[in-house]
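**Student:** Take a look at this one; I'll ask things after.
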Amino acid sequence: MIANTTLVAHPEISILGEAQNIQTSLEKIYDHAGTVVYDFEVTSEEQRIPKPITLQWKVPAVNVKGVWKPTTDFNKRIQADWELDNMESRISIDSPVISLFGNSDENILTFACSNAINKLEMNARLREEDNCFYCHITFFMEQHYPLKNFKTQIRIDNQNQHFSDSLRAVSSWWETFEQLKPAYVPDIAKKPLYSTWYQFHQNLEIPLLLEECRLAKDLGYEAIIIDDGWQTFDSNRGYDYTGDWKPDRIPEMAEFVKNVHETGMKVALWYSVPFCGEKSKAFKRFKGKFLTEDHRWAPVFDPRYPDVRQYLIDIYTNAAKDWNLDGFKLDFIDDFRFYKDTPTKLGADADYASINGAVDRLLTDVKDALTKINPEIFIEFRQKYTGPAMRKYGNMFRAFDCPGDATMNRLRIADIRMLAGNTAVHSDMVTWHADEPLEIAALQVINTLFGVPQLSVMLSETPKKYVNMIGFYTKYWNENSDVLMNGDFIPSKPLANYPTKRVSKNGKIIIGVYDTWVIELNDEHYHIDILNGQIADQVVIRNTKDLGGYRCKIYDCQGSLIKEDIVLFSKGVFEISVPPCGIVRAKKL
């Protein structure tokens, strides 16, 4: 690490936007080893709607290479203070954390807020007049209901460590708050999963689904998500019929689930939680209890009403009991939000003024009800609703949809994982064109292996060599899942989209290399596996010291053993020939 000595260890924080009759206080409650935590409180003598209040401070722009935010994908560059909108965080969007990282991936400054449920805005942008980063957190940006007291904590970390360590420390800090305690993660949440979406879309066929389950199980997949289409014969990829959730396309759902269980697979169903289509019976029943009816997909339920919440809870609990489901994919949670036509004056039977507070109550009650039926139930959420609050209700987080985009899948897995703690982090479903060359298709899979793989290809129509490739990687993942999921995870070079990733545990290290990059090894490991996630036919290694001899086995992407040899991992640079998307497995002599 480069010494991080020029930053202000305790920057002066300004409070902007204070209004008359509103009192604010900022108190330092923790200060140790480069990390400071503050209590921030806003109080009023009577109930009132506060105007936006901002905490702001600045730090010198010294050795800052980029700015990490939870879902900026490829855009981790430095932003000037005159461009782009601020990052929004709330219960179902992003996480309230930003990290400035240096040229050696070191943490320069990571700041976070414990307010992970209510909306806030935050940013760290460069001001050209003084070449400083101006960091801020703004509260009450869409406040439409009164309060007397608001309290949260701010955490600022300038420890000289890898930026991913600072992000993991933030995740652990969030877990200490009672309102952010993560849900239990069953074993099935960390097993490879088959999804119907990219190959079936809404055109689900029961006999073919059962055949795909048998084939997927043979390859090492343990569960299937039946995605959109099971509830309707409409195939327009729209949501006009959401809200009633009757199994029109699979009318004997309990029998179907039983048949899937007989293949050895667990079963989950997809639900678009907020949507109530205009062609559903529920739309007429809940007229007047929508956050908006002017949505591109469908009207959005208003969870501030207890009968709306109970209706949704009953939908899921009845499905779990009547059909013996093992899991749920609860989708579009981020569409529970404040719209331009969202009512601020509510009916007398509403019991929440806050939309975010109502979503918290809804999802808490859903999780409690489902786990009461089945303690091992798995619940999947996808980006952007993968923040610390969502860990309370879901035990699987999936990369946002990126069909055919191996690089984006790799990047999003890493971004989620650094904040996810023990919550299972899944790839987006892997898919490719039928004419894709084998090694290029293999890129789609090998880029997912630092998350839990999800697959969405029609196995019954997939050529044998492609099935061999899928089976090889899946078997490798299952055999090494403890290291891959529970080891020390380090992704490199955020601005270069993590060209290498590594994870280590109990003397074993697994390194993925996804671009023309030199793999650096500093320590001796009993086992070294290198995943060649590129089309190049070699990997380049630089040892900072003599690590001794290793017996190396080289595999191609179908799992065929290409070569076995003794290799000296001497100090310096050397290369190992390995086929595109192949794997090097080295064992210490």
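For any residue, its number in my numbering is found by taking its place in the sequence shown, counting from 1, and adding 8.
Just so it is clear, CB atoms sit at the ideal spot from N, CA and C, and this is done for glycine as well.
#1: Express the C-alpha separation of residue 408 and residue 244 in angstroms, rounding to a whole number.
#2: Measure the alpha-carbon distance for residue 187 versus residue 397 and round it to whole angstroms.
#3: Quick one: residues in its chain with C-beta nearer than 8 Å to the C-beta of residue 590, no 5 flanking neighbours on either side, listed in chain order?
#4: Taking DSSP as the reference, what is the three-state secondary structure of residue 493?
#5: Measure the alpha-carbon distance for residue 390 versus residue 130 and round it to whole angstroms.
#6: Whole angstroms is fine: what's the gap from residue 443's alpha carbon to residue 86's?
#7: Measuring CA to CA, which of 331, 315, 289, 232 is closest to residue 274?
#8: Between the C-alpha atoms of residue 547 and residue 509, what's the straight-line distance to the nearest angstrom?
#9: Out of 271, 478, 486, 528, which has the shortest C-alpha to C-alpha gap to residue 498?
#10: Rounded to whole angstroms, what's the CA-CA distance from residue 521 to residue 268? Just pull it up for me.
#11: Would a C-beta distance cut-off of 8 Å place residue 545 and residue 588 closer than the cut-off?
#12: Between residue 538 and the rest of its own chain, which residues show a CB-CB distance below 6 Å, the 5 nearest in sequence each way excluded?
#13: On a Cα-Cα basis, can you pick out the residue from 356, 49, 320 that is closest to residue 32?
#14: Going by other Cβ atoms of all chains shown within 10 Å of its Cβ, with 16 needed for buried, is residue 581 buried or exposed?
#15: Which residues share a DSSP beta bridge with residue 273?
#16: Three Cβ pairs or more, each shorter than 8 Å: is that satisfied between the stretch 368–384 and the stretch 164–181?
#17: Are residue 103 and residue 78 closer than 8 Å when you measure CB to CB?
#18: Do residue 331 and residue 261 have their C-beta atoms closer together than 8 Å?
#19: For residue 190, tell me which candidate among 182, 196, 197 has the shortest Cα-Cα distance.
#20: Note down, one range per segment and in chain order, each alpha helix (DSSP H) of at least 4 residues found wholly within the stretch 77–128.
#21: Report the CB separation of residue 559 from residue 595 in whole angstroms; it is logged as a contact under 8 Å.
#22: Residues in the same chain with beta-carbon distance under 7 Å from residue 198, minus the five sequence neighbours each way, listed in chain order, please.
#23: I need the DSSP call for residue 35, collapsed to helix, strand or coil.
#24: Determine the closest residue to residue 575 out of 567, 586, 556, 427, with distance taken between C-alpha atoms.
#25: Can you tell me the Cα-Cα spacing of residue 141 and residue 127, whole angstroms?
#26: Roughly how many whole angstroms lie between the Cα atoms of residue 119 and residue 277?
#27: DSSP on residue 537, reduced to helix/strand/coil?
#28: Run through the DSSP bridge pairs and tell me what residue 443 is partnered with.
#29: Indicate whether residue 639 and residue 457 have their beta-carbon atoms separated by less than 8 Å.
#30: So if DSSP puts residue 573 in a beta bridge, which residue, or which two residues, is it bridged to?
#31: Could you tell me which of 448, 392, 291 sits nearest to residue 413, measuring between CA atoms?
#32: Count Cβ pairs between the stretch 356–365 and the stretch 246–263 that sit closer than 8 Å; are there 3 or more?
#33: Let me check one thing: in DSSP terms, what residues is residue 71 bridge-paired to?
#34: Could you check how far apart the C-beta atoms of residue 434 and residue 406 are, in whole angstroms? I think they sit under 8 Å.
#35: Taking only the alpha-carbon atoms, compute the straight-line gap between residue 470 and residue 491 and give it to the nearest angstrom.
#36: Tell me which residue opens and which closes the alpha helix (DSSP H) that residue 179 is part of.
**Tutor:** A quick look at the data gives this:
#1: For the purposes of this step, residue 244 is taken as the residue at position 236 of the sequence shown. For the purposes of this step, residue 408 is taken as the residue at position 400 of the sequence shown. The straight-line gap from Cα to Cα measures roughly 21 Å.
#2: For the purposes of this step, residue 187 is taken as the residue at position 179 of the sequence shown. For the purposes of this step, residue 397 is taken as the residue at position 389 of the sequence shown. Those two C-alpha atoms are separated by around 8 Å.
#3: Locating residue 590 in the sequence shown gives position 582, counting from the first residue. Answer for residue 590: 540, 562, 563, 564, 565, 570, listed in chain order.
#4: Translated into the one-based positions of the sequence shown, residue 493 becomes position 485. Residue 493: helix per DSSP, three-state reduction.
#5: Along the sequence shown, read from residue 1 onward, the residue named residue 390 stands at position 382. Along the sequence shown, read from residue 1 onward, the residue named residue 130 stands at position 122. Whole-angstrom Cα-Cα distance: 22 Å.
#6: One-based indexing of the sequence shown puts residue 443 at position 435. One-based indexing of the sequence shown puts residue 86 at position 78. One C-alpha to the other measures close to 39 Å.
#7: Position 266 of the sequence shown holds residue 274. Minimum Cα distance to residue 274 is reached at 232.
#8: The residue labelled residue 547 in the question sits at position 539 within the sequence shown. The residue labelled residue 509 in the question sits at position 501 within the sequence shown. Residue 547 and residue 509: Cα-Cα distance of roughly 14 Å.
#9: Looking up residue 498 in the sequence shown gives position 490. That would be 528, whose Cα lies nearest to the Cα of residue 498.
#10: As a working note, residue 521 is residue 513 in the sequence shown. As a working note, residue 268 is residue 260 in the sequence shown. Spanning the two alpha carbons is a distance of roughly 37 Å.
#11: Here residue 545 refers to the residue found at position 537 of the sequence shown. Here residue 588 refers to the residue found at position 580 of the sequence shown. Taking 8 Å as the Cβ cut-off, residue 545 and residue 588 qualify as a contacting pair.
#12: Within the sequence shown, the letter at position 530 stands for residue 538. These residues qualify, in order along the chain: 519, 547, 592.
#13: The sequence position of residue 32 within the sequence shown is 24, counting from 1. Per the Cα distances, 49.
#14: Stepping through the sequence shown from its first residue, residue 581 is reached at position 573. Label assigned to residue 581: exposed.
#15: Numbered from its first residue, the sequence shown carries residue 273 at position 265. Residue 273 is not bridged to any residue.
#16: no
#17: One-based indexing of the sequence shown puts residue 103 at position 95. One-based indexing of the sequence shown puts residue 78 at position 70. Yes; because the gap between Cβ atoms is below 8 Å, this pair is in contact.
#18: Here residue 331 is taken as the residue at index 323 of the sequence shown, counted from 1. Here residue 261 is taken as the residue at index 253 of the sequence shown, counted from 1. In this structure, residue 261 lies closer than 8 Å to residue 331 by Cβ.
#19: To locate residue 190, count along the sequence shown from 1; it is residue 182. Cα-wise, what sits closest to residue 190 is 182.
#20: none
#21: By one-based count along the sequence shown, residue 559 stands at place 551. By one-based count along the sequence shown, residue 595 stands at place 587. Right, the Cβ-Cβ distance comes to about 5 Å (below 8 Å), so this counts as a contact.
#22: On the sequence shown, position 190 is the one that residue 198 refers to. Cβ within range, chain order: 432, 460, 489, 493.
#23: Here residue 35 refers to the residue found at position 27 of the sequence shown. Strand.
#24: Reading the sequence shown from its first residue, position 567 is the one you call residue 575. For residue 575, the nearest C-alpha among the options comes from 556.
#25: Residue mapping note: residue 141 aligns to position 133 of the sequence shown, counting from 1. Residue mapping note: residue 127 aligns to position 119 of the sequence shown, counting from 1. C-alpha separation (whole angstroms): 23 Å.
#26: Taking the first residue of the sequence shown as position 1, residue 119 is located at position 111. Taking the first residue of the sequence shown as position 1, residue 277 is located at position 269. Cα to Cα, residue 119 sits roughly 37 Å from residue 277.
#27: The residue labelled residue 537 in the question sits at position 529 within the sequence shown. If DSSP states are grouped into helix, strand and coil, residue 537 belongs with the strands.
#28: Indexing the sequence shown from 1 puts residue 443 at position 435. DSSP lists no partner for residue 443.
#29: Outside the displayed span of the chain (9 to 597) sits residue 639, for which this structure offers no information.
#30: Position 565 of the sequence shown, counting from 1, holds the residue named residue 573. Note: residue 573 sits in a beta bridge opposite 560.
#31: Within the sequence shown, residue 413 is the residue found at index 405, counting from 1. Cα-wise, what sits closest to residue 413 is 448.
#32: no
#33: The sequence position of residue 71 within the sequence shown is 63, counting from 1. Answer is none; residue 71 lacks a bridge partner.
#34: Mapped onto the sequence shown, residue 434 falls at position 426. Mapped onto the sequence shown, residue 406 falls at position 398. Their Cβ separation, rounded to whole angstroms, is 4 Å, which keeps residue 434 and residue 406 in contact under 8 Å.
#35: As a first step, residue 470 is located in the sequence shown; it is residue number 462 there, counting from the start. As a first step, residue 491 is located in the sequence shown; it is residue number 483 there, counting from the start. Their Cα atoms are separated by approximately 30 Å.
#36: Indexing the sequence shown from 1 puts residue 179 at position 171. Segment 171–183, the alpha helix (DSSP H) holding residue 179.
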